[in-house]
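Printed below as a string of structure tokens:
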């Protein structure tokens, strides 16, 4: 398993660098041409750049040279590297959106939710077991869970595979991703045995992606600025944690592995989350478009275009989502996930390979513990790349590998 | 060993939160009173705040809301999340100071050098060994090495203790810290067996702390903004890595554990490092005080005051450093380390306990694989705390635990 993980780690990096270089240079605005592949492998959330450029001054932040030198942000807090302003804005946003209960939870900030996954695994793994505790998730599952769980061949935990197959009478940890990455469906735990610890990854539980059907209240809930506002470059995630000992152990991991989290990113994230909350409140937002409405319309329009093309060419199919009442928008809506989970109608095909042959890079189903007939496609690219993707997809008329 | 690590992790966090709360509140300017302990346990480098407040506008940076949304910073680089401007300023600073060769090395940015230690251990650990590879360092060694090595009970590496005691005929990794944390001495590898990999931690190899006696050129060299400029809150470290495969594996770890490093911190660090380089070049720095000269004078003055007090009370002793020619300042100077490594003249005393009894918090020798008669004291606090420390130290006339 470890060798496999190593291969995967290498593959991840090589893929990242390779495909990244193909989308166009320096990480600034790409210039897709008919020759370069369009890279929708990652969920790089650049779709929201236009919104933020329209917001202007309100979302600008300045740092003087003598600011934030110290390791400490709030020495009185259990999470002593968490900026008080970020904590305040995280709590406010959850109150405004109504997606998660925060009043009885500790807030732990992390270098993206990736680090918080590791911190949560560390915190809930029993330390008295002879073997590492199994980490499971229902397939299709987020491809990073296996990478994180197996990265250092930990004696505390290891990847245990598809939660649907887990039937051992021993401690386990279940990652529950809802809405799910890659497929966008609402999820519940599937193992349901007495010795389990559950980590809820709620990165996509925001109104632009899915109807907010309840104010959830779990023991450990993970969120990230990346998918909420689009600021993936800031590497800010947060965990809402009910139990003080678990919260303390998560802080321990963060201290030993990185001695906390960038103060600049935290303060900027506080500013950005504040703008989003303000944008939802009429009295605070003269001239400021409601971010979630903006993003919801953007995503709905993209999904509509994609569904039209898939319907016409008849080779592929997309996941369908039920219409549900959203407590935030007060409307019945369908999910508009950050990723499209697309499959070949023909069972025997490797859809990642087919798309690659048509210069569309996406992540194949096998990486998610699923079948090569599935592929995950980011819906969060810039307009230019998304339109190029649609153009290329619509040009596929017969299934060949294209190689 | 793992249980011990866990205890240490808890101790670290509890210490951090507890002592932090004692230094005065929210992480901003503390207000030490005669009742509160002065916390010199951490090397929190707030001593340089005054310099940065004098620099003013030149070190200010502004971010607009639509900046740096993407995960990518430079898709063409092996380290694709490294901001090009930061890479440029790191290379420039090493050229200006002359402390390390950079032209034949890859630069990998990390969330502080803590993450780079983990990444380097991951990258150089052989993956084909039946047992985890031993990580060793010559005592007294930086207390975090053991914590990082044992944190997740990795099957790749584990803490192996004092390098002076390592005599196994098997692969090992030696951490060489020069100047050394805690004692400030120049260090070389001590094991010198054929199967070793060496990681050079050069966090303090800057002219304000030690004479720059050569332009070093090792396989893996770790640096951090925290100790160089004082911006610990930014969590930016960098590694200079000669071998491409090692560099790639370090990037792998960074991608899986945190998907890179805060763009805001990187861009601000680029700005700050740029100011420091400019401050060393007369033509670029009208009105800008040479940072290293400023910091060197500050440290020299603090060391002089401390040595005077220690000389008078006759209970303690301090490490002595040889005078060496510094290629940067073109003068013979002694080291003025970021930590004082102080001992009791009486062999039987626990100096950490003695100081604690006089409301001075510092880190005892046992944490560094040394004797309780030693203690590490940060020399990088703000003036107010440093002066309070001197005042309290000078009031100790007879050794009692003070409890």
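Residue numbers (UniProt numbering), protein chains in the order written: chain F, 1 to 403; chain D, 1 to 403.
Note that beta-carbon positions come from the ideal geometry of N, C-alpha and C, so glycine has one too.
Rounded to whole angstroms, how far is the Cβ of residue 154/F from the Cβ of residue 152/D, which I believe are closer than 8 Å?
Taking the first residue of the first chain as 1, we reach residue 154/F at position 154. Taking the first residue of the second chain as 1, we reach residue 152/D at position 152. So it is a contact: roughly 4 Å between Cβ atoms.
So, at 6 Å on beta carbons, what are the nonlocal neighbours of residue 180/F in its own chain, with the 5 sequence-adjacent residues on each side left out?
Along the first chain, read from residue 1 onward, the residue named residue 180/F stands at position 180. Excluding residues within five positions, the ones whose Cβ falls inside 6 Å are 187.
Residue 66/D: contacting residues in chain F (beta-carbon distance under 7 Å):
Taking the first residue of the second chain as position 1, residue 66/D is located at position 66. Here the neighbours are 49, 52, 53.
Is it true that the CB of residue 312/F sits closer than 7 Å to the CB of residue 197/F?
On the first chain, residue 197/F is found 197 positions in, with the first residue counted as 1. On the first chain, residue 312/F is found 312 positions in, with the first residue counted as 1. No, these two residues do not count as a Cβ contact at 7 Å.
Comparing C-alpha positions only, which one of 46/D, 206/D, 60/D, 345/D sits nearest to residue 271/D?
Position 271 of the second chain holds residue 271/D. When each option's Cα is compared against that of residue 271/D, the closest is 60/D.
Contact with chain D by residue 405/F, beta-carbon distance below 7 Å
For chain F, the structure presents residues 1 to 403; residue 405/F sits outside this window and is missing.
If you compare alpha carbons, which of 106/F, 48/F, 40/F, 234/F is closest to residue 290/F?
On the first chain, residue 290/F is found 290 positions in, with the first residue counted as 1. The candidate whose alpha carbon is nearest that of residue 290/F is 48/F.
By DSSP's criteria, residue 92/D is part of a beta bridge. Which residues make up the other side?
Position 92 of the second chain, counted from the start, is the residue given in the question as residue 92/D. Its beta-bridge partners do not exist; DSSP assigns none.
Candidates 145/F, 203/F, 163/F, 330/F, of which the one nearest residue 236/F by Cα:
Position 236 of the first chain, counting from 1, holds the residue named residue 236/F. The option with the nearest alpha carbon to residue 236/F is 203/F.
Please confirm if residue 156/F has its CB atom under 7 Å from at least one CB of chain D.
For the purposes of this step, residue 156/F is taken as the residue at position 156 of the first chain. Judged by the 7 Å Cβ criterion, residue 156/F is in contact with chain D.
Rounded C-beta distance between residue 375/F and residue 355/F? I'm assuming under 8 Å.
Position 375 of the first chain, counted from the first residue, corresponds to residue 375/F. Position 355 of the first chain, counted from the first residue, corresponds to residue 355/F. That belief holds up - the Cβ atoms of residue 375/F and residue 355/F are roughly 6 Å apart, short of 8 Å.
Selected residue, minimal CA-CA separation from residue 379/F, among 199/F, 46/F, 284/F:
By 1-based counting over the first chain, the position of residue 379/F is 379. Among 199/F, 46/F, 284/F, the Cα nearest to that of residue 379/F is on 46/F.
Check distances from the C-beta atoms of the segment 109-137 of chain F to those of chain D and list, in chain order, the residues that come in under 7 Å.
111, 112, 114, 115, 118, 122, 127
Residues of chain F with a CB under 7 Å from the CB of residue 70/D: which are they?
Here residue 70/D refers to the residue found at position 70 when the second chain is read from its first residue. What residue 70/D touches in chain F: 27, 44, 46, 232, 233.
Exposure label - residue 93/F; buried when at least 16 CB within 10 Å:
As a first step, residue 93/F is located in the first chain; it is residue number 93 there, counting from the start. By the neighbour-count rule (16 or more Cβ atoms within 10 Å), residue 93/F is buried.
Check for me: the alpha helix (DSSP H) holding residue 112/D runs from which residue to which?
Along the second chain, read from residue 1 onward, the residue named residue 112/D stands at position 112. Residues 112-124.
Consider the Cβ of residue 270/F: report whether some Cβ of chain D lies at a distance smaller than 7 Å.
Here residue 270/F corresponds to residue number 270 of the first chain, with the count starting at 1. Among the residues facing chain D, residue 270/F is not included, as its CB has no counterpart in that chain under 7 Å away.
Is the Cβ-Cβ distance between residue 102/F and residue 240/F less than 7 Å?
Within the first chain, the letter at position 102 stands for residue 102/F. Within the first chain, the letter at position 240 stands for residue 240/F. Contact: yes.
CA-to-CA distance, residue 114/D to residue 259/F, given in whole angstroms
The residue you call residue 259/F lines up with position 259 of the first chain. The residue you call residue 114/D lines up with position 114 of the second chain. Those two C-alpha atoms are separated by around 7 Å.
Got a sec, what are the start and stop residues for the alpha helix (DSSP H) residue 237/F sits in?
The residue you call residue 237/F lines up with position 237 of the first chain. Note, residue 237/F: premise wrong, no alpha helix (DSSP H); beta strand (DSSP E) at 236-241.
What are the boundary residues of the beta strand (DSSP E) that residue 162/F is part of?
Indexing the first chain from 1 puts residue 162/F at position 162. Taken as a continuous stretch (DSSP letters only), the beta strand (DSSP E) holding residue 162/F covers 157-162.
Opposite residue 154/D in the DSSP bridges: which residues?
On the second chain, position 154 is the one that residue 154/D refers to. Note: residue 154/D sits in a beta bridge opposite 154/F.
DSSP state of residue 197/D mapped onto helix, strand, coil
Position 197 of the second chain, counted from the first residue, corresponds to residue 197/D. Correct three-state label for residue 197/D: strand.
Kindly say whether residue 147/F, judged by its beta-carbon, lies nearer than 7 Å to any beta-carbon of chain D.
Along the first chain, one-based indexing puts residue 147/F at 147. Closer than 7 Å to some Cβ of chain D, the Cβ of residue 147/F qualifies, so yes.
Given this structure, state the Cα-to-Cα distance separating residue 358/F from residue 385/F, to the nearest angstrom.
Here the question's residue 358/F lines up with position 358 in the first chain. Here the question's residue 385/F lines up with position 385 in the first chain. Computed Cα separation, rounded: 14 Å.
Determine, for residue 395/F, whether the minimum Cβ-Cβ distance to residues of chain D falls below 7 Å.
Here residue 395/F corresponds to residue number 395 of the first chain, with the count starting at 1. Not an interface residue.
Listing by chain order, which chain D residues have their CB less than 7 Å from the CB of residue 153/F?
Walking along the first chain from the start, residue 153/F turns up at place 153. By Cβ distance, chain D contributes 154, 155, 156.
Given a cut-off of 7 Å on the beta-carbon distance, is the pair residue 226/F and residue 269/F in contact?
Stepping through the first chain from its first residue, residue 226/F is reached at position 226. Stepping through the first chain from its first residue, residue 269/F is reached at position 269. Taking 7 Å as the Cβ cut-off, residue 226/F and residue 269/F do not qualify as a contacting pair.
First through last residue of the beta strand (DSSP E) which encompasses residue 407/F
Because chain F here runs from 1 to 403, residue 407/F falls outside it and cannot be looked at.
Find the nearest neighbour of residue 320/D within the set 334/D, 243/D, 145/D, judged by alpha-carbon distance.
Position 320 of the second chain, counted from the start, is the residue given in the question as residue 320/D. Selected option, being the one with the closest Cα: 334/D.
Range of the contiguous alpha helix (DSSP H) that encloses residue 356/D
The residue given as residue 356/D occupies position 356 in the second chain. Here the alpha helix (DSSP H) through residue 356/D covers 351-357.
Going by DSSP, what residue range makes up the beta strand (DSSP E) through residue 341/D?
Counting from one through the second chain, the residue named residue 341/D turns up at place 341. If you look at residue 341/D, you'll find it in the beta strand (DSSP E) that goes 339-344.
Would you give the residue range spanned by the beta strand (DSSP E) that residue 420/F belongs to?
Only positions 1 to 403 of chain F appear in the structure, and residue 420/F is not among them; the question remains open.
Mind reading off the beta-carbon distance from residue 325/D to residue 213/D? Whole number of angstroms is fine, and I expect it under 8 Å.
Reading the second chain from its first residue, position 325 is the one you call residue 325/D. Reading the second chain from its first residue, position 213 is the one you call residue 213/D. That pair is a contact at about 7 Å.
Residue environment, residue 133/D, which counts as buried when at least 16 other CB atoms sit within 10 Å
To locate residue 133/D, count along the second chain from 1; it is residue 133. Per the 10 Å Cβ criterion, buried.
What in chain A is Cβ-close to residue 61/D, meaning under 9 Å?
Absent from the structure is chain A; the protein chains it does hold are F and D.
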